[in-house]
Amino acid sequence: MDHYPIFLNLNNRWCLVIGGNETAARKAEDLLDAGAAVTLVAPQLGSACEELLQRYPDRAVHQAGTYRPGMEHGAALVLATSEDEATDGAVYDACTRRGVPVNAVDRPAYCSCITPAVVDRSPLQVAITSGGAAPVLARQVRSQMETLLPTAYGRLAALAGRLRERVAAALPSGRQRLRFWEQVFEGPAAESMLAGREREAEREMLELLRQEQARDDDRGEVFLVGAGPGDPDLLTFRALRLMQRADVVLHDHLAAPALLRLVRKDAERIPVGKRSGRHTLPQEAINDKLIELAAAGKRVLRLKGGDPFVFGRGGEEIEGLIEHGIPFQVVPAVTAAQGAAAYSGIPLTHRDHAQSCRFLTGHRRDGALRLAQWAPFRPDETLLVYMGLTHLETVCEQLREGGLPADHPAAVVDQATTPAQQVVTGTLADLAERVRTSGLQGPALIMAGPTVELQPRLGWYHSTPDAERAFPEHGCLRREPLAAAAAEPPAETHTEQA
Ligand SMILES: C[S@@+](CC[C@H](N)C(=O)[O-])C[C@H]1O[C@@H](n2cnc3c(N)ncnc32)[C@H](O)[C@@H]1O
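When you read off a place in the sequence shown, starting at 1, and then add 92, the result is the number in the working numbering.
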């Protein structure tokens, strides 16, 4: 985060605006709208500023002359709009010395704070900034937000504000209140407000409050949600909505930690993912935890890499919920195979090359690897082996034992869809050797089939500096081969067993 966002309460506070031009008038008007008293410092005022003084005779005054250090003393905020760099610099120096927040329009170097573009549905406000890097982009985003947020949201928020204390008295538990407000904003009360029927909206809110008060079943529920292979843009809308609703999240060791930042900020986080070499929470303990938390009334998000029902043990986790009568829902997601195929440029099927595809696991419940049991493998299909990186050499051997030739095209896609993605291609005969020197970190997917040969032409995804910035904790720039990799294939960090 480049800046720490904050909203200032300027009601009955005094602010200084340096300048008398149109910009000064616009800035001063925003301050006056926020309840501040404003002094405009300029030799003369333009017509827009003059008009402002007439509209706000009690709170807007003109101090004729130029800025002098010391004038900012006691101001809650100073805005410099003089268009004169020396003046802006002097204002900035004096304000920073006194600890007064200052913003010089269009001069980021002379700003200790930013005045963002605002979508105003007071009391609901959305502030947007590019940190001075691209103000036009920020304005465009604001225009988009303006069309997305109905103007009635302001009245809806105001009504909620009026009922807040009454709701707090009626529903003492924070969880109950959260559920109540979510129902308000997603339900008929909000619809009535949007349709302009404010009285009806209020009646509906109060009826909902009565129902919530009378409710005696305080059981929670479980959201079994697929987080996809890594790129947060691949999340479904529903996944995102439920991530925002959860009280507690039990999460795997996800390929992209950035995904966790999209979970509700105050939700409790419990890592239960499996990593090789580290203590892991046994599956039974995860199942029990889900039941225990939901039974205690929590909304539990079980966030899993890829799709919950593809080598994800989703089936096992919901069995216990069914036994205990706990409500749940399952949200599908892009599985690693789809993500790896799309982002590496290795199609799962192709009319000329591969007419079917199969998802296999390189990791059985008993730990043994027996791919040959699914043989014979066809040369015109795409095989995708999950959880096989640690035993890559054996995987390739077993695919050959299952009928594929030594020169059959094969690839490993590591950390697919993230900025750290790497694709290593070869054949069943030489893939393991090539991977040994590539510094892969996992999770990784093994692909075998004729479409691997299309990869040099169809591969399109490259990480960008922006994407890498979005994954700061990813370690994605560590591309050197692991020292140990020369001796043995890298251990997969994502070794949850299916
Ligand atoms: C326990 S399985 C979970 C699969 C997941 N439910 C899915 O639908 O993708 C974990 C395996 O998925 C594969 N995997 C998960 N994320 C991946 C990624 N971003 N890139 C490559 N492979 C991935 C790896 O083979 C990893 O060992």
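Where a beta carbon is used, it is the ideal one built from N, C-alpha and C, also for glycine.
- Per DSSP, Gln421 is one residue of the beta strand (DSSP E) stretching across Phe420 to Val423.
- Contact annotation, Ile378 with His416: C-beta distance approximately 14 angstroms; criterion of less than 8 angstroms not satisfied.
- In the structure shown, Asp472 adopts coil according to DSSP, grouped into three states.
- Cβ neighbours of Ala219 within its own chain (closer than 6 angstroms, five residues either side excluded): Pro208 and Val210.
- One Cα belongs to Ala508, the other to Trp552, and the distance between them is close to 13 angstroms.
- Taking a contact to require three or more Cβ pairs closer than 8 angstroms, the region 252-266 and the region 228-238 do not qualify as touching.
- Nearest to Ala287 by alpha-carbon distance, out of Arg271, Ala252, Leu248 and Asp323, is Leu248.
- Per DSSP, the unbroken beta strand (DSSP E) holding Ile220 starts and ends at Leu216 to Ile220.
- For the pair Leu475 and Leu491, the CB atoms are nearer than the 8 angstroms cut-off.
- Short of 6 angstroms from the beta carbon of Ala262, and not among the five residues preceding or following it, lie these beta carbons of its own chain, in chain order: Leu301 and Gln305.
- Gln430 counts as buried, since at least 16 other C-beta atoms from the protein chains shown sit within 10 angstroms of its C-beta.
- Gly312 sits away from Val364, with the two beta carbons spaced by 8 angstroms or more.
- A distance criterion of 7 angstroms places the beta-carbon of Leu484 beyond contact range of ligand 1, judged by its closest non-hydrogen atom.
- The Cβ atoms of Val170 and Glu164 lie closer than 8 angstroms to each other.
- For Gln155, the uninterrupted beta strand (DSSP E) segment begins and ends at Ala152 to Ala156.
- Judged by pairs of C-beta atoms under 8 angstroms, the region 526-541 touches the region 492-508, as three or more such pairs exist.
- In this structure, the C-beta of Thr427 approaches ligand 1 to less than 7 angstroms from one of its heavy atoms.
- Contact between Ala521 and Asp499 is confirmed by a C-beta separation of about 7 angstroms, below the 8 angstroms threshold.
- For Met479, the shortest C-beta to heavy atom distance toward ligand 1 is below 7 angstroms.
- In the three-state reduction of the DSSP assignment, Cys141 falls in the helix class.
- Taking C-beta atoms as the reference points, Leu298 and Ile438 fail to come closer than 8 angstroms.
- Inclusion of Leu354 and Leu332 in the CB contact set at 8 angstroms is warranted, their separation being smaller than that value.
- For Asp506, the uninterrupted beta strand (DSSP E) segment begins and ends at Pro501 to Asp506.
- For Leu216, the CB contacts under 7 angstroms within the same chain, skipping 5 residues up- and downstream, are Tyr245, Gly246 and Ala249 in chain order.
- Annotation for Asp212: the continuous beta strand (DSSP E) segment containing it runs Ala209 to Arg213.
- Within 10 angstroms of the beta-carbon of Lys357 lie fewer than 16 other beta-carbons, which makes it exposed.
- In the DSSP annotation of this structure, the continuous segment of the beta strand (DSSP E) that includes Ser448 starts and ends at Ser448 to Thr453.
- Cβ neighbours of Gly223 within its own chain (closer than 8 angstroms, five residues either side excluded): Asp94, His95, Pro200 and Ile206.
- Relative to ligand 1, Thr328 has its C-beta separated by 7 angstroms or more from all heavy atoms.
- Short note on Phe277: C-beta not closer than 7 angstroms to any heavy atom of ligand 1.
- For Phe403, the CB falls within less than 7 angstroms of some heavy atom of ligand 1.
- With a cut-off of 7 angstroms, the C-beta of Gln507 is classified as near ligand 1, since at least one heavy atom of the ligand falls inside that distance.
- Burial state of Thr510 is buried, judged by a 10 Å Cβ sphere holding 16 or more other Cβ atoms.
- Here the distance from the Cβ of Thr510 to the nearest heavy atom of ligand 1 is below 7 angstroms.
- Per DSSP, Leu229 is one residue of the alpha helix (DSSP H) stretching across Pro227 to Leu240.
- The region 275-287 makes no contact with the region 388-402: fewer than 3 CB pairs, one atom from each, lie closer than 8 angstroms.
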